[in-house]
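Visitor:
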Amino acid sequence: MGVYDYHQEKAGEDGKVPLYEKRPEVTKENPYKAYVGVTADFTEDGMLTPKSIRWEDGRVYEIDRVRSVQRMASRKAGGAGLRYECRIQGSSVSLYYEGNGLWFVERKVPRMI
Numbered sequence: 046m047g048v049y050d051y052h053q054e055k056a057g058e059d060g061k062v063p064l065y066e067k068r069p070e071v072t073k074e075n076p077y078k079a080y081v082g083v084t085a086d087f088t089e090d091g092m093l094t095p096k097s098i099r100w101e102d103g104r105v106y107e108i109d110r111v112r113s114v115q116r117m118a119s120r121k122a123g124g125a126g127l128r129y130e131c132r133i134q135g136s137s138v139s140l141y142y143e144g145n146g147l148w149f150v151e152r153k154v155p156r157m158i
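Counting in the working numbering, the sequence shown runs from 46 upward without gaps.
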């Protein structure tokens with residue numbers, strides 16, 4: 046059904062089922078996707094530019110440079126949106142902005158042997 050979902054258990058006395066937007070949950074079902082807090086600015090021409098990310102444990106990392114911005118899907122973590130290819134402390138990081146206002150990065154998960 047996509048982003049919107051009907052829930053029968055929420056039906057009111059009149060039998061109508063409310064329609065609401067589901068927000069993604071941060072679960073362990075997808076170990077590759079980590080939702081992060083982002084501080085961003087809008088430029089004079091309307092471009093959204095991320096400045097720093099706040100990791101799950103509260104650490105803040107400044108974004109040194111945004112190398113490119115493309116509409117793209119994350120093959121590793123699932124989901125799609127604008128991919129900001131960033132440099133953070135000398136490392137390349139793909140930061141995704143989903144249309145619902147959430148930001149995520151692809152988490153590095155060790156291989157299981």
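Here a beta-carbon is modelled for each residue, glycine too, at the ideal position from N, C-alpha and C.
Comparing alpha-carbon positions, which option in G123, M117 and A85 lies nearest E107?
Guide: It is A85.
Visitor: Roughly how many angstroms separate the alpha carbons of V81 and V105, rounded to a whole number?
Guide: Going by the C-alpha atoms only, they are around 10 Å apart.
Visitor: Which first and last residues belong to the beta strand (DSSP E) in which L127 is found?
Guide: Run containing L127: A125 to I133, per the beta strand (DSSP E) assignment.
Visitor: Tell me which residues share the same chain as A79 and place their Cβ nearer than 7 Å to its Cβ, disregarding the 5 neighbours each side in the sequence.
Guide: Once the five neighbours on either side are set aside, the close Cβ partners of A79 are E101, F149, V150 and R152.
Visitor: Excluding the 5 residues flanking T94 on each side, which residues of the same chain have their C-beta closer than 7 Å to its C-beta?
Guide: Cβ neighbours of T94 beyond the five flanking positions: A85, D86, T88 and V111.
Visitor: Going along the chain, which residues of its own chain have a beta-carbon closer than 6 Å to the beta-carbon of V71, five neighbours each way excluded?
Guide: Model confidence at V71 stands at a pLDDT of 47, short of 50, so the residue's coordinates are unreliable; what they give is reported in the following sentence. Answer for V71: Y80, listed in chain order.
Visitor: Should Y77 and A122 be called a contact, given that it needs their Cβ atoms to be closer than 9 Å?
Guide: Yes, these two residues count as a Cβ contact at 9 Å.
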